[in-house]
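Residue numbers (my numbering): 19 to 521. Cβ atoms here follow ideal geometry from the backbone N, Cα and C, with glycine treated the same way. Right, one structure below, let's go through it.
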Amino acid sequence: MQRGRRSRIVAASLVLLVLTVGFLPSLDQAGLPMDEGSLLVYPELVLRGQIPYLDFETFYGPANLWVLSAAFSTFGANIFVERGVGLLYRVAVLLAIFGIAQRWGTILGAGVMFIAGVLLLPLKLSSYAWMGALACGLTALWLFCNESRMRCFLAGLLAGFALLFRPDLGPAVFLGAFPICYGMSWRSRYIFFAGVLPFGLLTLLAGPSQVLNNLFLFPVIHSNPARRLPLFSAGGSLVALLFLHLLACGVNLAAGFFAWRKDGSEGNGRLLTSTALFSAGLTCQATQRLDIIHFLSVGFLSISLLPVSLATLTNGCRAGQPARSISLLGISSVIAVVALTAPEITISMRKTFVAAFTSPQSAVFVNRQDRTFPFRSPQVAQAAGKMFETLGRLSQPGERLFVGPADLRRTNYCDTFIYHLFPDLSPATYFLEMNPLSANRTGSRLAPDVRSADWLVLNREWDAWEEPNRSIETGSDEPNAIVRTHFSLVDEFPPYLLLQRKY
């Protein structure tokens, strides 16, 4: 028993070490101006006492902001701390996957963990709420499969926190919990659902109407048609990967169901069924915007679980661990299928590991005081540096700053990270991120927010945003009219415009 535990620890540690080496180059790579910028700005606002949904718009749960706030208050607010949290999320996801898969043997556990990690490498290290939610959800499944009072409560608590990270993970969480709950006593079920209760704290903090607006009405009803990408717009390899995910979900469910029927409630069949249902419940995240990032954030789980399912079916769904040869065949088969279906993933993995040992310069960091942000383009980085220097020289602490696109009729994207680089200036708007059909919707507070600003930083690059959805629609011209009437141009730093209020 002790020897088996030692071998599992060694196997998990070695695989995790290899994958961590692959993740490390992402610490120095270019950041996404709005997506990662919000991860730098929102936690600091929380530390200042502001409340998500009430004081600023966000379409995600607050748990990620709480975690980042704690990290920033301990280690400082910078992009490396933020990405360090992202690395911890991925480590937690991989360890939870190993904890689930190792019940079919150490070889399968290590193989499944390796495949999952390789598929996660292209996602880099940004600490998005989705990864925190997956870490909580998968760890909850791993804990929940053993019926003890403490493990059931902790599983429920983690399931609740998964929803606090991403409320839209609800279908996956409850689908995954159902098979395990089905074979448990009522006492264990009550203990599990008692742990889920922290999700209710959300409505107490910001108020039911703001929570409903930010977590359902705006992201699902209003803004989603302008963010969704139709499936026909995706490339052939992405469509093939989506079919591979759906096929993997079917195989995983079949293996879990047959193993569950054969071994009863005491074996691993229930756990495999739960994990398969959990992965199937994530599918909407990929189909609503089928690009490589959204797909891999979902498909990594179903595809990496395939070796367990193949070994289970090959083993006749019998209880116990499959033979070593069956495990190795399942792992190698899945790796080969992924390499044939999407060779760019194999190329990306090779480049990532080469970068870990050659340290190529992949981003240009622009610094302001003790803060920094990495740019992909040296030209844009140089222009931004000059603009930051001018704004820092002319502005006074406490003045209000607004950041957005140059054409405020189309609010598809913005440079949220700029608020992070100027902590001495107060954000002038509720819309620190720009979401289409939300910030520019009829009756929004965008125009009054613009008018309240002392400084505007507008980016012409986002005016050319073009996708096959409703993001091309324009809203009211009132914010643009306010810019023309109440602000004067200080200077241009292409693609940036710096404007100051007329006094």
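Query - Where the alpha helix (DSSP H) containing Q303 begins and where it ends - result: Taking the sequence shown and counting its residues from 1, one reaches residue 303 at position 285. Where Q303 is concerned, the enclosing alpha helix (DSSP H) stretches over 301-305.
Requested in this report: Could you tell me the distance, in whole angstroms, from the CA atom of I490 to the CA atom of A424?
Outcome: Here residue 490 is taken as the residue at index 472 of the sequence shown, counted from 1. Here residue 424 is taken as the residue at index 406 of the sequence shown, counted from 1. Those two C-alpha atoms are separated by around 15 angstroms.
Query raised in the report: Roughly how many angstroms lie between the CA atoms of M367 and P140, to the nearest whole one?
Result: If you number the sequence shown from 1, residue 367 lands on position 349. If you number the sequence shown from 1, residue 140 lands on position 122. One Cα belongs to M367, the other to P140, and the distance between them is close to 8 angstroms.
Query raised in the report: Between the beta-carbon of L176 and the beta-carbon of A195, is there less than 9 angstroms?
Result: Here residue 176 corresponds to residue number 158 of the sequence shown, with the count starting at 1. Here residue 195 corresponds to residue number 177 of the sequence shown, with the count starting at 1. In this structure, A195 does not lie closer than 9 angstroms to L176 by Cβ.
Query raised in the report: Taking the alpha-carbon positions, what's the S145 to A190 distance?
Result: Along the sequence shown, read from residue 1 onward, the residue named residue 145 stands at position 127. Along the sequence shown, read from residue 1 onward, the residue named residue 190 stands at position 172. Rounded to the nearest angstrom, the two C-alpha atoms are 20 angstroms apart.
Report task. Just the C-alpha distance for E417 and S470, rounded to the nearest angstrom, thanks. Result -> In the sequence shown, the residue the question calls residue 417 occupies position 399. In the sequence shown, the residue the question calls residue 470 occupies position 452. A straight-line Cα-Cα distance of about 10 angstroms links E417 and S470.
Query raised in the report: Pairing CB atoms from the stretch 338-351 with CB atoms from the stretch 304-321, are three or more of them under 8 angstroms?
Result: Note that the stretch 338-351 does not touch the stretch 304-321; fewer than 3 beta-carbon pairs, one per stretch, sit closer than 8 angstroms.
Query - Proximity to L426 [Cα-Cα], best of D388, L412, G410, W483 - result: One-based indexing of the sequence shown puts residue 426 at position 408. Selected option, being the one with the closest Cα: W483.
Query - Neighbour-count burial assignment, D472, 16 or more Cβ in a 10 Å radius - result: For the purposes of this step, residue 472 is taken as the residue at position 454 of the sequence shown. It is buried - the Cβ of D472 has at least 16 other Cβ atoms within 10 Å.
Query raised in the report: So is A277 buried or exposed if we call it buried at 16+ other beta carbons inside 10 Å?
Result: Numbered from 1 along the sequence shown, position 259 holds the residue referred to as residue 277. Buried is the call here.
Report task. Please list, in chain order, all residues of the same chain as G22 whose beta carbon is under 7 angstroms from its beta carbon, the five residues on each side excluded. Result -> By 1-based counting over the sequence shown, the position of residue 22 is 4. There are no such residues.
Report task. Drop a sphere of 10 angstroms on the beta-carbon of Y514, count the other beta-carbons inside from all chains shown, and report buried for 16 or more, exposed for fewer. Result -> Walking along the sequence shown from the start, residue 514 turns up at place 496. By the 16-neighbour rule on beta-carbons within 10 angstroms, Y514 is buried.
Query raised in the report: Count the other CB atoms within 10 Å of the CB of S203; is the residue buried (16 or more) or exposed (fewer)?
Result: Here the question's residue 203 lines up with position 185 in the sequence shown. Exposed, since its Cβ has fewer than 16 Cβ neighbours within 10 Å.
Report task. Can you tell me which of the three DSSP states T332 falls into? Result -> Start at 1 with the first residue of the sequence shown, and residue 332 comes out as number 314. Reduced to three states, the DSSP call for T332 is helix.
Report task. Keeping to the same chain, check which residues put their C-beta closer than 8 angstroms to that of F296; ignore five residues upstream and five downstream. Result -> Reading the sequence shown from its first residue, position 278 is the one you call residue 296. Spatial neighbours of F296 in its own chain (CB-CB distance under 8 angstroms, excluding positions within 5 residues in sequence) are listed in chain order as G155, L156, L159, A190, V191, L193, G194, L319.
Query raised in the report: Looking at the structure shown, is T390 part of a helix, part of a strand, or coil, going by DSSP?
Result: As a first step, residue 390 is located in the sequence shown; it is residue number 372 there, counting from the start. Reduced to three states, the DSSP call for T390 is strand.
Requested in this report: State the Cα-Cα distance for the pair A244 and N487, rounded to the nearest angstrom.
Outcome: On the sequence shown, position 226 is the one that residue 244 refers to. On the sequence shown, position 469 is the one that residue 487 refers to. Rounded to whole angstroms, A244 and N487 show a C-alpha spacing of 5 angstroms.
Query raised in the report: Would you call N385 buried or exposed, if buried means 16 or more other Cβ atoms sit within 10 Å of its Cβ?
Result: In the sequence shown, the residue the question calls residue 385 occupies position 367. N385 is classed as exposed because its beta carbon has fewer than 16 other beta carbons within 10 Å across all chains shown.
Query - Sequence-distant residues of the same chain with beta carbon closer than 6 angstroms to Y437, five excluded per side - result: Position 419 of the sequence shown, counted from the first residue, corresponds to residue 437. Closer than 6 angstroms at the Cβ level, and outside the excluded window around Y437, lie V59, P445.
Query raised in the report: Going by beta carbon distance, what residues of the same chain come within less than 6 angstroms of A360, once the five residues before and after it are set aside?
Result: To locate residue 360, count along the sequence shown from 1; it is residue 342. So the qualifying residues of the chain are S255, L259.
Query raised in the report: DSSP puts R418 in a beta bridge; with which residues?
Result: As a first step, residue 418 is located in the sequence shown; it is residue number 400 there, counting from the start. Answer is S444.
Query raised in the report: Taking the continuous beta strand (DSSP E) assigned at L474, which residues delimit it?
Result: The residue given as residue 474 occupies position 456 in the sequence shown. 473-477 is the span of the beta strand (DSSP E), which, as asked, contains L474.
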